[in-house]
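In what follows, a structure is listed as structure tokens, so that the remarks can point back to it.
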Amino acid sequence: MASSSPAPLRVLTGITPSGTPHLGNYVGSIRHSVRQSVAAGVESYFFLADYHALIKVQEPALIQRSTLEIAASWLACGLDPERVTFYRQSDIAEITELTWFLTCVTGKGVLNRAHAYKAQLDKNIAKGEEPDADVTAGLFMYPVLMGADILMFNAHKVPVGRDQVQHIEMARDMAQRFNHQYGEHFTLPDAEIDDAVATLPGLDGRKMSKSYNNTIPLFAPRAQLQKQIASIVTDSRAPGEPKDTEGSALFQIYQAFASAEETEALRKAYADGIAWGDAKHVLFERIDREVAPLRARYEALMNDPAEIERILLLGAEKARKLSRPFMTSLRHAVGLRNLAAGRDGAGAKAAKVAKPSFKQYREKADGLFYFKLLDARGETLLQSRGFASPQEAGRTIADLQAQRGAALTALAAQLEPVDAQQARAATEALEALAEATSTTQGH
Numbered sequence: 236m237a238s239s240s241p242a243p244l245r246v247l248t249g250i251t252p253s254g255t256p257h258l259g260n261y262v263g264s265i266r267h268s269v270r271q272s273v274a275a276g277v278e279s280y281f282f283l284a285d286y287h288a289l290i291k292v293q294e295p296a297l298i299q300r301s302t303l304e305i306a307a308s309w310l311a312c313g314l315d316p317e318r319v320t321f322y323r324q325s326d327i328a329e330i331t332e333l334t335w336f337l338t339c340v341t342g343k344g345v346l347n348r349a350h351a352y353k354a355q356l357d358k359n360i361a362k363g364e365e366p367d368a369d370v371t372a373g374l375f376m377y378p379v380l381m382g383a384d385i386l387m388f389n390a391h392k393v394p395v396g397r398d399q400v401q402h403i404e405m406a407r408d409m410a411q412r413f414n415h416q417y418g419e420h421f422t423l424p425d426a427e428i429d430d431a432v433a434t435l436p437g438l439d440g441r442k443m444s445k446s447y448n449n450t451i452p453l454f455a456p457r458a459q460l461q462k463q464i465a466s467i468v469t470d471s472r473a474p475g476e477p478k479d480t481e482g483s484a485l486f487q488i489y490q491a492f493a494s495a496e497e498t499e500a501l502r503k504a505y506a507d508g509i510a511w512g513d514a515k516h517v518l519f520e521r522i523d524r525e526v527a528p529l530r531a532r533y534e535a536l537m538n539d540p541a542e543i544e545r546i547l548l549l550g551a552e553k554a555r556k557l558s559r560p561f562m563t564s565l566r567h568a569v570g571l572r573n574l575a576a577g578r579d580g581a582g583a584k585a586a587k588v589a590k591p592s593f594k595q596y597r598e599k600a601d602g603l604f605y606f607k608l609l610d611a612r613g614e615t616l617l618q619s620r621g622f623a624s625p626q627e628a629g630r631t632i633a634d635l636q637a638q639r640g641a642a643l644t645a646l647a648a649q650l651e652p653v654d655a656q657q658a659r660a661a662t663e664a665l666e667a668l669a670e671a672t673s674t675t676q677g678h
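Counting with the numbering used here, you get residues 236 to 678 for the letters of the sequence shown.
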């Protein structure tokens, strides 16, 4: 018996492979996201945004190496590919096709306001250069590609820093424009900002960032980790002199790893005049205690890149079970259709053309309620499993009519299995049925 349950909350996180993961990435994204991915009622999508990396990085070996390092880092930190959908952006061909669809409904004025584009323009103008000097179309179109990443899987929530909120707002705008033009296909995503997630200072006290070259690699060997922590900038106060925790990069980093009790103990040690060398040793031991077990897993994964490749390809196949039928639905919506099955939509004549339909019935053998989706010739495209009541069957039909191809995967437990060709045919039939219903209502 099929049972209806609330649709899961879809959360999508992208990671750009443009360098080696550092402690700031770990406390600002990886650790929190991995913990959230095991929450009940959450369907998590994690992807390596290698197309985005091409905007900034033109070194093929660096992109390949960074992709390997970042994938290994997430897996080492506990990301479970069996529980989440973990994939490489470039393995999902439908994302680039959707990028073009969204490009065709996105105003240039919207993209003109993108922070990254405006920052480059301001930099060029300040140097007395042409405003668009060294601005690639990739940089300009970055928000559309990000919109496609999000909308392809109809994510409800996208965890981002405050500097990325604009991109989520742009994705919402793209979704609204497409929905207005072609019918309801996209969920409007929301940015998820967790102010409890730490932003780490780097070795020099500024925000830890590859741009400032002040990072501490997440999985640096123990000796290197100790050496880098020893180089964190501190003031000139001598041992025995009270020290301020406010503005202390060393204390802020410790706080991101330590418990409340441990943090208070170090705060007291600051007040009592702990030597900077001793404070750095306390920080080193605390970080290494958390990272060491993860480092061992990371090193094992880095020594077996074929295993990472296998995991990513399985994740891509899982993702494409959603992206393929959804893209079929979107292609039909914009008019890229099978010409042999086309209808001219011309007035009363079109209204008389046979259309797909649902048939509901009850089996005497088991007393359960079923339905079929039939094509215009009466051939079965989809067969449901049994429901305890006709209301449950009706709700599932309503979901199929509302979400069309995107619902085939979400409702798989309530349907008999179909292959890729059958899924495509069913999606086209659902689109045709939705179009016919819209035309009828319009008249």
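All C-beta atoms, glycine included, are put in the ideal place defined by N, C-alpha and C.
Closest in alpha carbon position to A641, among F622, E663, G629, is E663.
Residue environment: N573 is assigned as exposed (fewer than 16 neighbouring CB atoms within 10 Å of its CB, all protein chains considered).
A residue is called buried once 16 or more other Cβ atoms fall within 10 Å of its Cβ, and A660 is buried on that count. Spanning the alpha carbons of A372 and F604 requires a straight line of approximately 54 Å. When C-beta atoms of the segment 274-290 are compared with those of the segment 520-532, fewer than three pairs fall below 8 Å, so the two segments do not count as touching.
Proximity of the segment 538-557 to the segment 477-491 falls short of the contact definition, fewer than three beta-carbon pairs being nearer than 8 Å. Here K515 is near I464, since their CB atoms are less than 8 Å apart. Nearest C-alpha to V292 among D429, T251, A647: T251.
S253 is the residue among S253, I509, A306 whose C-alpha sits nearest the C-alpha of P295. The segment 612-620 makes no contact with the segment 534-545, as fewer than three CB pairs between them are under 8 Å. Annotation: the continuous alpha helix (DSSP H) that includes I298 extends over 295-311.
Here DSSP, grouped into helix, strand and coil, assigns G373 to helix. Listed in chain order, the beta strand (DSSP E) elements of length 3 or more contained wholly in the segment 394-478 are 425-427. Between L374 and Y352, the CB-CB gap stays under 8 Å. Between R524 and the set A500, H567, P456, L548, the nearest pair of CA atoms involves P456.
Distances from the CA of P436 to each of E598, R270, E481 were compared; the closest alpha carbon is that of E481.
For Y261, the closest of M443, G508, R597 by C-alpha to C-alpha distance is M443. In the DSSP annotation of this structure, the continuous segment of the alpha helix (DSSP H) that includes F486 starts and ends at 484-492.
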